[in-house]
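> Got a structure for you, written out below as structure tokens; questions coming shortly.
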Amino acid sequence: MGLRDATQLTPNGEIMMLNLGKLLRATYGTFITSYDPAMYDTFSEYFDNCIQSAHGVLRAFFNKGSQFLPIVRHVPAETDWLLGFNHNFPNVYARPQWFFAYWNNDALARGMLSTNDIEMLSNELGSWCAEKPMQCALFAADALQSRISEKRLPKQLQTLFQEKLLPIVYGWNKHTYGFNSEDPYAVIGSPAYALAAKVLHDAEVGEKKVCHYSVHDSTILGLLNALGAIQLGDTNPRWLPRFGSVLAVTTYSNGNVSFTYAEPQQEAGSSLDYVSGLLPITVRCKTFEGAEYMASTCPLNDVWRYVNRSRPTVADPFCYLRPEDGCDVLETVPSEHCQYYRKYCPIGACGPNAGLDASRNYTCFSFFRRKFTKDYTLASIVAGVCGGAVGLIVGFLISLLLQKTEEKEVRRRRFVQMGAGETNA
């Protein structure tokens, strides 16, 4: 929909969103005919292009392309763990050895790209592509996807994008956003579980006639994976949803729910429209007896059962780390990744018997060591005081002893003198 997170929608991106609003109006127009906040709720990730996308869809849905801007709800990106999960899961950043395992896998990239492919990317994006082919390939896929809708690409680049770059991106997206039940971090559940649960909850409760979520492509693919529409083992092109992709979830009075999906034309010079309309997309459902099946329409309870397979099993999935992640090291300024983690996950970030000092770059300190240091200081002071007191007592005793000795000497001298007097007499 946009070039980068911090940018605005491209002109063609705006056209796609207006076309999406028209598609939804043609599909659901009789269901809700005018904008009513009591009936329609819109959530967006905290990024301009997502918020603009929501506005574009709603303008076309209700007012046929007018400049009317309905309410779009969002929260700051730092706290948006529902829609913007891929941007700020603290525990993801706190384990960079996992996060960058695919990102830095240049051997894999060289195995999937030929020397000529890398040279072509270097000519297009810079010589750094030869040094870091995996990062270059991932960046190129994102950049070329945007350029495809703005101008016609040379045939060679378009072929490279379709045949070589997309499979590389599929792998990255699976690694980052897919749910793997065998992963050591499976206890945190699917990254998109919170969104999937909200979508199903909104469908079940039915407080609003329409709930609209404006999110990044990576958020959509996380949701598709949580629903079972895409699997880790397949090469489904939806592992990279295109700009303007839409997943529509419709509930019915009989307790069923249906899923449809659409993508607009992407290429410059096309209508940028959803020419095929909303088509059924199969998800995975699970019966009460535990049997899984694939369908585009099934009972809502069956969808819940499948989605719950990726439900977190720890209390705070966003903050879960294992000891080997090394983010609870004491008395040392943490890495940038661990500072981010400790900032948003302060409770328990330092492990047992330790605390967090935000004023010292979120350094963890040991309660025992700090108590020991404090007790040592107190002991020194007490020892000093006691030493002074003992000195006074010893001094007094010495003084007393000298006084007694002196008195004895005086008495001895008097006795001697008295004895001498008697002798003289």
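Its first residue numbered 1, the sequence shown is counted upward by one per residue in full-length UniProt numbering. Just so it is clear, CB atoms sit at the ideal spot from N, CA and C, and this is done for glycine as well.
1) Residue ranges of each beta strand (DSSP E) run of no fewer than 3 residues wholly in the segment 263-329, ordered along the chain?
2) Evaluate arginine 342 with the Cβ neighbour count: other Cβ atoms within 10 Å of its Cβ, from every protein chain shown; 16 or more gives buried, anything less gives exposed.
3) Would a C-beta distance cut-off of 9 Å place serine 310 and alanine 226 closer than the cut-off?
4) From which residue to which residue does the beta strand (DSSP E) around threonine 159 run?
5) Go ahead and pull the three-state DSSP assignment for leucine 9.
6) Note down, in chain order, each residue of its chain lying with its Cβ closer than 8 Å to the Cβ of glutamate 289, except the 5 sequence neighbours on either side.
7) Given that a residue counts as buried once 16 or more other Cβ atoms are within 10 Å of its Cβ, and exposed if not, what is threonine 42?
8) For histidine 212, does the three-state DSSP call read helix, strand or coil?
9) Roughly how many angstroms separate the alpha carbons of threonine 332 and tyrosine 362, rounded to a whole number?
10) So, is aspartate 36 buried or exposed, given that buried needs 16 or more other C-beta atoms within 10 angstroms?
11) Per DSSP, which one or two residues make a beta bridge with valine 257?
12) Report back the beta-carbon spacing between leucine 300 and glycine 228 to the nearest angstrom; my notes put them in contact at under 8 Å.
13) Near lysine 22, what residues of its chain come up, given a Cβ to Cβ distance below 7 Å and the 5 sequence neighbours on each side ignored?
14) On the criterion of 16 or more Cβ atoms from any shown chain inside 10 Å, does glutamine 52 qualify as buried, or is it exposed?
15) Under three-state DSSP, which class holds threonine 33?
16) Could you give the DSSP three-state label for leucine 20: helix, strand or coil?
17) Per DSSP, aspartate 234 is paired with what?
18) Under a Cβ-count criterion, where at least 16 other Cβ atoms within 10 Å of its own Cβ denotes burial, should valine 187 be classed as buried or exposed?
19) Report the rounded CA-to-CA distance for alanine 315 versus serine 366, giving the unit in angstroms.
20) Taking the continuous beta strand (DSSP E) assigned at serine 366, which residues delimit it?
21) From this set, Ala268, Thr251, Thr282 and Ser270, which residue's C-alpha is nearest tyrosine 261's C-alpha?
22) Among residues of its own chain, excluding the 5 on either side of glycine 384, which ones have a beta-carbon nearer than 8 Å to its beta-carbon?
23) What separation, rounded to the nearest whole angstrom, lies between the Cα atoms of alanine 140 and threonine 235?
24) To the nearest angstrom, how far is the alpha carbon of leucine 58 from that of glutamate 14?
25) Label glutamate 45 either buried or exposed according to how many other C-beta atoms from any shown protein chain fall within 10 Å of its C-beta, with 16 as the threshold for buried.
26) Using the Cα positions of valine 257 and aspartate 325, report the straight-line distance between them to the nearest angstrom.
27) Cβ-heavy atom distance between arginine 342 and the ligand ZN below 8 Å?
28) For methionine 120, count neighbouring C-beta atoms within 10 Å of its own C-beta (all shown protein chains included) and say buried if the count is 16 or more, exposed if not.
29) Which residue from Pro167, Met112 and Val205 puts its Cα closest to that of serine 253?
30) Around the Cβ of lysine 155, are there at least 16 other Cβ atoms within 10 angstroms (buried) or fewer (exposed)?
31) DSSP puts serine 114 in a beta bridge; with which residues?
32) Do leucine 125 and alanine 143 have their C-beta atoms closer together than 9 Å?
33) Using the beta-carbon count (16 or more within 10 Å), is methionine 134 buried or exposed?
34) Assuming tyrosine 341 is part of the alpha helix (DSSP H), what are its boundary residues?
35) Quick one: residues in its chain with C-beta nearer than 8 Å to the C-beta of leucine 378, no 5 flanking neighbours on either side, listed in chain order?
36) Does DSSP put serine 190 in a helix, a strand or coil?
Taking the structure as given:
1) Whole beta strand (DSSP E) segments, 3+ residues: 283-286, 292-295 and 297-299.
2) Here arginine 342 is buried: its Cβ has 16 or more other Cβ atoms, across all protein chains shown, within 10 Å.
3) Pairing serine 310 with alanine 226 gives a Cβ-Cβ distance under 9 Å.
4) That residue, threonine 159, is in no beta strand (DSSP E); its alpha helix (DSSP H) goes 155-160.
5) Leucine 9: strand per DSSP, three-state reduction.
6) The answer is none, since no qualifying residue turns up.
7) By the 10 Å Cβ count, threonine 42 comes out buried.
8) In the three-state scheme derived from DSSP, where H, G and I count as helix and E and B as strand, histidine 212 is classed as strand.
9) So the two alpha carbons sit approximately 9 Å from each other.
10) It is exposed - the Cβ of aspartate 36 has fewer than 16 other Cβ atoms within 10 Å.
11) DSSP output for valine 257 lists Thr251 and Cys298 as bridge partner(s).
12) By a beta-carbon distance limit of 8 Å, leucine 300 does not contact glycine 228. Their separation comes to about 15 Å.
13) Apart from the 5 residues on each side of it in sequence, lysine 22 sits with its Cβ closer than 7 Å to the Cβ of Ala60 in its chain, given in chain order.
14) Looking at its Cβ environment, which holds 16 or more other Cβ atoms inside 10 Å, glutamine 52 is buried.
15) Threonine 33 sits in coil when the DSSP states are folded into three classes, being neither helix nor strand.
16) Looking at leucine 20 - three-state DSSP - the assignment turns out to be helix.
17) In DSSP, aspartate 234 forms no bridge with anything.
18) With fewer than 16 other beta carbons inside 10 angstroms of its own, valine 187 counts as exposed.
19) Whole-angstrom Cα-Cα distance: 25 Å.
20) In the DSSP assignment, serine 366 falls within the unbroken beta strand (DSSP E) covering 363-366.
21) Closest by alpha carbon: Thr282.
22) In this prediction, glycine 384 scores a pLDDT of 48, lower than 50, which makes its location untrustworthy; the coordinate-derived value is nonetheless stated afterwards. The beta carbon of glycine 384 lies closer than 8 Å to none in the same chain, with the five residues before and after it left out.
23) Straight through space, the alpha carbons of threonine 235 and alanine 140 are spaced by roughly 19 Å.
24) Going by the C-alpha atoms only, they are around 12 Å apart.
25) Label assigned to glutamate 45: buried.
26) When rounded, the separation of the alpha-carbon atoms in valine 257 and aspartate 325 is 41 Å.
27) In the structure shown, the ligand ZN is absent, as is every other ligand, since no ligand is present at all.
28) Counting the other Cβ atoms within 10 Å of the Cβ of methionine 120 gives 16 or more, which makes it buried.
29) Distance check between serine 253 and each of Pro167, Met112 and Val205 places Val205 closest, using alpha-carbon atoms only.
30) Around the CB of lysine 155, fewer than 16 other CB atoms lie within 10 Å, so the residue is classed as exposed.
31) Its beta-bridge partners do not exist; DSSP assigns none.
32) Taking 9 Å as the Cβ cut-off, leucine 125 and alanine 143 qualify as a contacting pair.
33) If you draw a 10 Å sphere on the C-beta of methionine 134, you find 16 or more other C-beta atoms in it, and that means buried.
34) Counting along the chain, the alpha helix (DSSP H) containing tyrosine 341 begins and ends at 336-344.
35) Residue confidence is low: leucine 378 scores 45 on pLDDT, short of 50, so the model does not pin down where it sits. No coordinate-derived value is stated.
36) Serine 190: coil per DSSP, three-state reduction.
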